[in-house]
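Visitor: Submitted below is the structure of interest, expressed as structure tokens.
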Amino acid sequence: MKKKKNIMIISAVALLFVVGFLFLTKKTFTSNLKNFSETEVKWIQTLSKQDQEYFLKNKVLYPLIKQKSFQASKFSKYLNFYKKNETLEFDTLIMIVNHNLQDENIEITEQIMDFFEDKNFEPSRLKRYIAYKSENPSIDISKIISFVNQDIDTVTMKYDESIEEFFVSKYFIKENLSRYMKYQEEHNTKVNTTISYVNSNLDYDYYTNTKNADLKKDTLILVNKYYALDKDYEPDNMVKIEAKYGVQQYLQKEAYDAFKKMADDAKKEGLTLYITSPYRSYQTQNKLYNNYSAKDGKELADTYSARPGYSEHQTGLAADIVSGPGKSLASFENTKEFKWIKSHAHLYGFILRYPKGKEKLTGYQYEPWHYRYLGVDTASKIYSSGLTYEEYYAYYIK
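Residue numbers for the sequence shown follow this note's numbering, so the first one is 2 and each next one is one higher.
What follows is the structure, given as structure tokens:
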């Protein structure tokens, strides 16, 4: 009987102990929850008991959920990664987990941390940063990130100081790197000059390595000594030019409408803009070029006349402009009309196609009368940049 009584007493004490423990535990749990918002409390309560207890017992973790990029659904992953990397800053820890980098088995070293701290760091490229740094240990972290972000590591893994200047140049195109290197070696040109020339295909002789002009580019099509039109090509949206605006031939409608607006606005200022040479067919250009070649020789003719298929006039988007009927192209540069159109053409979607000082890039002598329609947005950007259309096309459109 006494033994039974003792057992009952022990059981009662044990029960009181369990109840007391549960009470204190609940009280502690409830007390700890006061550190969090109502929303935070709700998702804490959805955690597994193990994660919940671990989190609440480690107050050092409380700031974790206050981080800007914190995602409640990944809380267990944060905890697991934290247990292996307790010295890691929470913002870095969250960034790694949010991008699933914890599954990449990447050792978090001081060098890796340096990547994280760079303002241009992109987590998805971390393995490539590490690989490029491994191949080129002498390069600064910021340069590694810059090169990889430009996908330069896909061109070459081995770093060479001689090519770094290309990488940081404004109009660098990674696919052209080997061509830049070859051209500079052969011509000893400055980096920016090399880039401009190669982007404009000048590492090839004129009329070599030619391609079909990309008709899908519509009004942004490039036709020059490297991009040609088929002999049967003719725009399907041309309209006839009215007598007061120029010779009664043809121009693409969009370009013609823009020209009329430009000419009308110029007229308000007492100026006359008149189209003297718009669309030309392949056959017409062929006759012109052959005549010029017979007269001046092919070499000289190539500096001012396009070979058939390589003329912008065949696009129906280019026009030679003078200051009135019967006026000559040669005298246009000295007119008030030229001064006006030179600074206003882009506002209507036109550019001076063959500017002075850019003869090598365009392949033609300076032509103050030749204007090409590209649309207001593109024309304005080219006007502001000072680029030729060859350079602009290679970097922004092609």
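All C-beta atoms in this analysis are idealised placements derived from N, C-alpha and C, irrespective of residue type, glycine included.
#1: Can you name, in chain order, every residue of its own chain whose Cβ lies under 6 angstroms from the Cβ of T389, other than the five neighbours on each side?
#2: Following a CB-centred definition, is Q151 positioned closer than 8 angstroms to any heavy atom of the ligand ZN?
#3: Under the three-state reduction of DSSP, which class applies to Y374: helix, strand or coil?
#4: Looking at N259: is its Cβ nearer than 9 angstroms to the Cβ of F351?
#5: Could you check which residue in K120, Y207 and N101 has the C-alpha nearest to that of K1?
#6: Buried or exposed: which applies to S344, given that a residue is buried once 16 or more other Cβ atoms fall within 10 Å of its Cβ?
#7: For the beta strand (DSSP E) containing S240, list its first residue and its last residue.
#8: Which ranges would you report for the alpha helix (DSSP H) in the segment 169 to 234 if only whole runs of at least 4 residues count?
#9: Under 8 angstroms by Cβ, that's how I've got S282 and E235 pegged, so tell me the actual separation to the nearest angstrom.
#10: Cβ of Y181 within 9 angstroms of Cβ of V192?
#11: Which residue from L301, K67, T316 and T277 puts its Cα closest to that of K217?
#12: Could you say which of L178, A214, Q249 and K85 lies nearest to K411 if we only look at CA atoms?
#13: Output yes or no for whether 9 angstroms exceeds the beta carbon distance between N177 and N200.
#14: Cutting at 7 angstroms between CB atoms, please list the residues of its own chain near T195, excluding the five before and the five after it.
#15: Taking the C-alpha atoms as reference points, what is the distance between K299 and Y133?
#16: Please name the residue in Y355, F71, Y172 and K50 whose C-alpha comes closest to that of E41.
#17: Strictly by DSSP, which residues pair up with D321?
#18: Taking 7 angstroms as the limit between beta carbons, can you name the residues of its chain near P124, skipping five residues before and five after?
#19: May I have the straight-line CA-CA distance separating I383 from Y374, to the nearest angstrom?
#20: Do A320 and G247 have their beta-carbon atoms positioned less than 9 angstroms apart in this structure?
#21: In chain order, what residues of the same chain lie with their CB nearer than 6 angstroms to the CB of I145, ignoring the 5 residues before and after it?
#22: From the DSSP output, in three-state form, read off I146 for me.
#23: Taking 8 angstroms as the limit between beta carbons, can you name the residues of its chain near Y355, skipping five residues before and five after?
#24: What does a CB cutoff of less than 6 angstroms around F117 pick up in its chain, not counting 5 residues either side in sequence?
#25: Could you tell me the boundaries of the beta strand (DSSP E) in which Y251 lies?
#26: Does DSSP put I131 in a helix, in a strand, or in coil?
#27: Rounded to the nearest angstrom, what separates D219 and L289 at their Cα positions?
#28: If you check the beta carbons only, do F277 and K328 fall under 9 angstroms apart?
#29: Excluding the 5 residues preceding and the 5 following L25 in the sequence, name in chain order all residues of the same chain whose CB lies nearer than 8 angstroms to its CB.
#30: How many angstroms separate the CA atom of K50 from the CA atom of F56?
#31: Would you give the residue range spanned by the alpha helix (DSSP H) that L362 belongs to?
#32: Determine the direct distance from the alpha carbon of V377 to that of Q250, and round the result to whole angstroms.
#33: Skipping 5 residues on each side, what residues in its chain have a beta carbon closer than 8 angstroms to that of I113?
#34: Just to check my reading of the structure: E391 and N137 have Cβ atoms closer than 8 angstroms, yes? What is that Cβ distance to the nearest angstrom?
#35: Let me know the alpha helix (DSSP H) ranges lying completely inside the segment 38 to 123, each 4 residues or longer, listed in chain order.
#36: Which one of L272, F37, I222 and Q286 has the shortest CA to CA distance from K60?
Guide: In short:
#1: On the sequence shown, position 388 is the one that residue 389 refers to. Contacts found: K359, L362 and T363.
#2: Because no ligand of any kind appears in the structure shown, any question about the ligand ZN cannot be addressed here.
#3: Translated into positions along the sequence shown, residue 374 becomes position 373. DSSP places Y374 in strand when its eight states are reduced to three.
#4: The sequence position of residue 259 within the sequence shown is 258, counting from 1. The sequence position of residue 351 within the sequence shown is 350, counting from 1. The sequence shown places Ala at residue 259, not Asn. Cβ atoms of A259 and F351: closer than 9 angstroms.
#5: No statement about residue 1 is possible, as the shown extent of the chain runs from 2 to 399 and does not include it.
#6: As a working mapping, residue 344 is identified with position 343 in the sequence shown. S344 counts as exposed, since fewer than 16 other C-beta atoms from the protein chains shown sit within 10 angstroms of its C-beta.
#7: Position 239 of the sequence shown holds residue 240. Note on identity: in this sequence residue 240 is Val, with Ser being the wrong assignment. Note, V240: beta strand (DSSP E), M239 to K241.
#8: For the alpha helix (DSSP H) assignment, the uninterrupted runs of no fewer than 4 residues enclosed by the segment 169 to 234 are, from N- to C-terminal side, 178 to 188 and 192 to 200.
#9: As a position in the sequence shown, residue 282 is number 281, starting the count at 1. As a position in the sequence shown, residue 235 is number 234, starting the count at 1. With a contact defined as Cβ atoms closer than 8 angstroms, S282 and E235 qualify at about 7 angstroms.
#10: As a working note, residue 181 is residue 180 in the sequence shown. As a working note, residue 192 is residue 191 in the sequence shown. Less than 9 angstroms separates the beta-carbon of Y181 from that of V192.
#11: Counted from its first residue, the sequence shown places residue 217 at position 216. Out of L301, K67, T316 and T277, the CA that lies nearest to the CA of K217 is found in T316.
#12: Any answer about residue 411 is impossible in this case: the structure gives the chain only from 2 up to 399.
#13: Taking the first residue of the sequence shown as position 1, residue 177 is located at position 176. Taking the first residue of the sequence shown as position 1, residue 200 is located at position 199. Yes; because the gap between Cβ atoms is below 9 angstroms, this pair is in contact.
#14: As a working mapping, residue 195 is identified with position 194 in the sequence shown. Contacts found: Y181, Y184 and Q185.
#15: Counting from 1 along the sequence shown, the entry for residue 299 is found at position 298. Counting from 1 along the sequence shown, the entry for residue 133 is found at position 132. Cα-Cα distance, rounded: 51 angstroms.
#16: Sequence index remark: in the sequence shown, residue 41 carries index 40 (1-based). When each option's Cα is compared against that of E41, the closest is F71.
#17: Counted from its first residue, the sequence shown places residue 321 at position 320. BP columns for D321 point to S278 and H371.
#18: Position 123 of the sequence shown, counting from 1, holds the residue named residue 124. M96, H100 and L102.
#19: For the purposes of this step, residue 383 is taken as residue 382 along the sequence shown, with counting starting at 1. For the purposes of this step, residue 374 is taken as residue 373 along the sequence shown, with counting starting at 1. Between the alpha carbons of I383 and Y374 lies a gap of roughly 12 angstroms.
#20: Working through the sequence shown from its first residue, we reach residue 247 at position 246. Working through the sequence shown from its first residue, we reach residue 320 at position 319. Against a cut-off of 9 angstroms, the Cβ pair of A320 and G247 comes out as a contact.
#21: Counting from one through the sequence shown, the residue named residue 145 turns up at place 144. Hits under 6 angstroms: Y130, Y133 and K134.
#22: Against the sequence shown, residue 146 aligns to sequence position 145. Correct three-state label for I146: helix.
#23: Indexing the sequence shown from 1 puts residue 355 at position 354. When the five nearest sequence neighbours on each side are left out, the beta carbons in the same chain lying within less than 8 angstroms of the beta carbon of Y355 are those of T363, Y365, Q366, Y367, E368 and H371, in order along the chain.
#24: By 1-based counting over the sequence shown, the position of residue 117 is 116. Exclusion of the five residues before and after F117 leaves T93 as the residues of its chain whose Cβ lies within less than 6 angstroms of its Cβ.
#25: In the sequence shown, the residue the question calls residue 251 occupies position 250. Y251 to Q253 is the span of the beta strand (DSSP E), which, as asked, contains Y251.
#26: Counted from its first residue, the sequence shown places residue 131 at position 130. Reduced to three states, the DSSP call for I131 is helix.
#27: Walking along the sequence shown from the start, residue 219 turns up at place 218. Walking along the sequence shown from the start, residue 289 turns up at place 288. So the alpha carbons of these two residues sit roughly 26 angstroms apart.
#28: As a first step, residue 277 is located in the sequence shown; it is residue number 276 there, counting from the start. As a first step, residue 328 is located in the sequence shown; it is residue number 327 there, counting from the start. It should be pointed out that residue 277 corresponds to Thr in this sequence rather than to Phe. Yes, the Cβ-Cβ distance between T277 and K328 is below 9 angstroms.
#29: The count along the sequence shown starts at 1 and reaches residue 25 at position 24. Reliability of the predicted coordinates at L25 is poor, the pLDDT of 39 falling under 50, and the value obtained from them is presented with this limitation in mind. Around L25: no qualifying Cβ.
#30: Here residue 50 corresponds to residue number 49 of the sequence shown, with the count starting at 1. Here residue 56 corresponds to residue number 55 of the sequence shown, with the count starting at 1. Straight through space, the alpha carbons of F56 and K50 are spaced by roughly 10 angstroms.
#31: As a working note, residue 362 is residue 361 in the sequence shown. Run containing L362: E360 to T363, per the alpha helix (DSSP H) assignment.
#32: In the sequence shown, counting from the first residue as 1, residue 250 sits at position 249. In the sequence shown, counting from the first residue as 1, residue 377 sits at position 376. Rounded to whole angstroms, Q250 to V377 spans 24 angstroms at the Cα level.
#33: Numbered from its first residue, the sequence shown carries residue 113 at position 112. Closer than 8 angstroms at the Cβ level, and outside the excluded window around I113, lie I107, L127 and I131.
#34: One-based indexing of the sequence shown puts residue 391 at position 390. One-based indexing of the sequence shown puts residue 137 at position 136. Rounded, the Cβ-Cβ distance is 33 angstroms, inconsistent with contact.
#35: Every alpha helix (DSSP H) stretch that sits fully inside the segment 38 to 123 and reaches 4 residues is listed by chain position as 39 to 45, 50 to 58, 76 to 85, 91 to 99 and 111 to 118.
#36: Numbered from 1 along the sequence shown, position 59 holds the residue referred to as residue 60. Of the listed residues, the one whose Cα sits closest to K60 is F37.
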